[in-house]
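See structure below.
Residue numbers (our numbering), protein chains in the order written: chain A, 3 to 531; chain B, 3 to 531.
And the structure:
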């Protein structure tokens, strides 16, 4: 029997508060470094030697995970429980990997079969495009796959395509070039379009509701450019949308691929939202490998023992840092250029899921929830904001990610070591530098240390490892949401801005409004005399 | 007479703590919206109607600015005082705009003349490249300007070149394509090089010391690719470095442009570090307009009245949010795709300058200094992390930036409004939504409001406006550093990681080490059996 209660009603949480905090500086010793690691899946390992938790704290975090029934809630989610309580919806992105969760159906449709069918349809479509049986309106082979979407329809798929572009090149798996248009700023679309041959470009319009204003504005812009170039726009655009949206079964699109309300935007890279563009760009097999990697991590997240379940452990360490140590932000630091936009995806995933102040039943909370998440690739970040991370007045927990091998195979020796060795040496050195610090007579050169981090290491980043990373963080965020007793699957906080933006647009168009503040804002910005 | 004391020794700071805090929700009324603005320069305006400060607090912040002698310290900095106390150096990036600060000389060299000479040299060089009197090793016209640098040699120049690319295209001012290589990850350089024709590429190697390992590794990589393509690499690379570096007057470079120790990396976009690539990409006149815009804001920052000095006011509002309201992070949200990498530049500028725990004399501080800075362009961010900003348990002050007009001129109407109107409507709506919130019977749809923001608005983003933005934030960060009594101009916090990375590299190369922790880390990562 699953029950729900707030974090501060948990006995284990009270206990946790009474356990003495530990100094990371002292924790980071060779014995612990050799032991504090968890096999994840597809060759990834999670290291927590530099996390601010000793065995006593870990035991208590395991008690807390048990008390909050995190694994039972994950199982319930997989079985189709209404975990998105606000919108009264199931949460089924795991089902989209094509392997977990049988027997969930809505109005007679088995949903795993539905997702699998859409994946298969996208795979067939991509193959037809690659083979040339589907061609541009002028009979040319398509060379570019350009996604038009925003938020979850952009960040995850974009991060994934960037992450795999070099891998695809190295492996001879690149079929088409992936590009993305998201911002309603027309300078975004204009610049992307200027860099592409329109005649050989296939656009993927992604909007679950079919009513996202930014995406529809960009569709209008793209259609006008296609038509101006003498191309039949209906032969250059496919839709990814829900079956009930105005974009569905619409003759204006070359094809349509369906999603539904049970997969939220920020969790949708495993669905057609990420699948169509990835299948077009790097082939359907690449997308399948991505799903397999995600599935392997989904399975690993079912392990009950905290010390053998990386997403669960990562979640509980994060919760400890947030609610016991009171640390308000966390940095994601991938030591690979391939993951340059992965922090932006995690920023949405985490902050949109867990940036909540009420519990799953709408009751205000008396504790902190999701942190601010930011990050840039290393070593670039070292030459930028690491100064504050090392010597600032606040402590920021760090999440490192690294790979032993390049995606492209051309490395060079300089000063006796390869660039990849330098990259990994920097990553390992940073873990130690942050944790251990360094004393110095000159206080300006003193490092207090005690700054916690965790690290995910793998051999080489390919689609399976990328899928596993997506799943790891999705499940981490889910576990934290369960522990905080919040609904990680809605985003009511984005609504007010939309409503007010429409009011400002009305005011700009000369309509009357009794909202004096909005009128004053519009006037100040020069839009109203 | 200038004197230095810590923030918590200031009478005005004690007073500030005793003044009642104000509710932003109530502050945001039409009268205040019409008044709470400051003309900046080159058409930019700073709005602070939604900042958490009333007239009483502003008066006290002005007292504090006077008590900490912020303007006198700025004047002293301009006159060549040793403001980088740790490294005992002057701080002269303002001088690089070419207009402020006469009579500062070192060893008989007038430094304004020196910076101006290097700017002029870069302008002549760029013109010769554009006219074709300087050509590739095979006699071709150069088409690409590729900067190799990291940290301040990358983030500011890259943000600036991205910000002006569309403008240059629209104005017919684009001369060459700008590209950037920064990360020591060889997958970074390999991908950039694969997208360019090497034969028509001119590389700009930027390292003040001439010893930055990442940059030298990338130089080796680029040289090996150039030579492999049968090109004479010494005809394809110029250096931007200090006169005493190993890169200076080196026959391996087509030309050298000089900088010195008085312009820190994150402040160096106005020097040859940003000037060579900007002059090559968009012409020397573009770089001059950028400097003119920066100079105009430098002058505006000399205004003593708090309410008429935007950088000073922005600095003091930020300090109030940080030290009185206790808010640990701040988001930069440009509503223009052109500024997509401007937050990454500000992240370095702010966090590397003011992420310090000791005062300018090395004495540990008892108050918080620089915040975590992060951001992404709107409206993209609205569909991502804004959920937490609106409804999360922590409050994050927001810094909006927007422009009334596009850079590229092609906009379209959709649903009755242009994309640019939608963009600005969203920006204005967000300011109101964050400040005012909205009640709702359903607590899940409730917005507490009271979330502060400021906004910089302009007509259109061109080089002068960009220069003004760079200057605004440089001077804001400088004023905050003076108020906190810290040295904003060194970065000792990046040293320890470098030292330990070299030790790990030695261990990887089989050298003996008595650092058991580093050895264990290297072993765990598979680099040591």
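All C-beta atoms in this analysis are idealised placements derived from N, C-alpha and C, irrespective of residue type, glycine included.
Chain-ordered, the chain B residues with CB closer than 7 Å to the CB of residue 423 (chain A) read 507 and 510. In its chain, beyond the 5 residues on either side, 184, 214, 216 and 217 have a beta carbon closer than 7 Å to the beta carbon of residue 152 (chain B). Residue state for residue 179 (chain B) is assigned as strand, using DSSP reduced to three classes.
With respect to residue 43 (chain A), residue 298 (chain A) sits close: the two C-beta atoms are nearer than 7 Å. In the three-state scheme derived from DSSP, where H, G and I count as helix and E and B as strand, residue 111 (chain B) is classed as strand.
Secondary structure at residue 341 (chain A): helix, using DSSP grouped into helix, strand and coil. Using a Cβ-Cβ cut-off of 8 Å, residue 519 (chain A) is close to 30, 31, 32, 35, 434 and 438 of chain B, given in chain order.
Residue contact check for residue 293 (chain A) against chain B: no CB pair falls below 7 Å.
For the 7 Å CB-CB criterion, residue 296 (chain B) and residue 469 (chain B) form a contact. When beta bridges are read from the DSSP output, residue 440 (chain B) appears opposite B:449. Relative to residue 34 (chain B), the option among B:471, B:302 and B:54 whose CA is nearest is B:54.
Residue 150 (chain A): member of the beta strand (DSSP E) spanning 146-150, first to last residue. Shortest Cα-Cα distance from residue 240 (chain B) to any of B:308, B:159 and B:124 involves B:124. For residue 95 (chain A), there are no C-beta contacts with chain B under 8 Å, since the nearest C-beta of that chain is about 17 Å from it. If you check each beta-carbon in the region 368-394 of chain B against every beta-carbon of chain A, the ones closer than 7 Å belong to 370, 371, 372, 374, 376, 378, 379, 381, 382, 384, 385, 386, 387, 388, 389, 390, 392, 393 and 394. Within chain A, the residues placing a beta-carbon under 7 Å from that of residue 459 (chain B) are 527, ordered along the chain. With respect to chain A, the C-beta atom of residue 498 (chain B) has a partner C-beta closer than 7 Å. In the three-state scheme derived from DSSP, where H, G and I count as helix and E and B as strand, residue 454 (chain A) is classed as coil. Between residue 428 (chain A) and chain B, the shortest Cβ-Cβ separation is below 7 Å. Inter-residue distance for residue 49 (chain B) and residue 454 (chain B) is about 12 Å (C-alpha atoms, whole angstroms). Its Cα nearest to that of residue 244 (chain A), the residue A:258 stands out among A:254, A:231 and A:258. Burial of residue 210 (chain B) is indicated by the presence of at least 16 other C-beta atoms within 10 angstroms of its C-beta.
Contact between residue 333 (chain B) and residue 391 (chain B) is confirmed by a C-beta separation of about 7 Å, below the 8 Å threshold. In chain order, 47 and 404 place their CB closer than 6 Å to the CB of residue 459 (chain B), counting only its own chain and leaving out the 5 sequence neighbours on each side. Under a criterion of Cβ atoms nearer than 8 Å, the residues of chain A adjacent to residue 447 (chain B) are, in order, 494 and 497.
Secondary structure note for residue 35 (chain B): its alpha helix (DSSP H) is the uninterrupted segment 32-37.
Just so you know, the alpha carbons of residue 317 (chain A) and residue 478 (chain A) end up roughly 5 Å apart.
DSSP lists no bridge partner for residue 371 (chain A).
If you draw a straight line from the Cα of residue 301 (chain A) to the Cα of residue 525 (chain B), it comes to about 28 Å. Under the three-state reduction of DSSP output, residue 472 (chain A) falls in the helix class. Beta-carbon to beta-carbon, residue 166 (chain B) and residue 465 (chain B) are separated by about 6 Å, close enough to satisfy the 8 Å threshold. Every beta strand (DSSP E) stretch that sits fully inside the region 238-308 of chain B and reaches 3 residues is listed by chain position as 239-244 and 258-261.
For residue 90 (chain B), the closest Cβ of chain A is not nearer than 7 Å. Among the CB atoms of chain A, none fall inside 7 Å of the CB of residue 177 (chain B). The CB of residue 216 (chain B) comes closer than 7 Å to the CB of 381 in chain A, given here in chain order.
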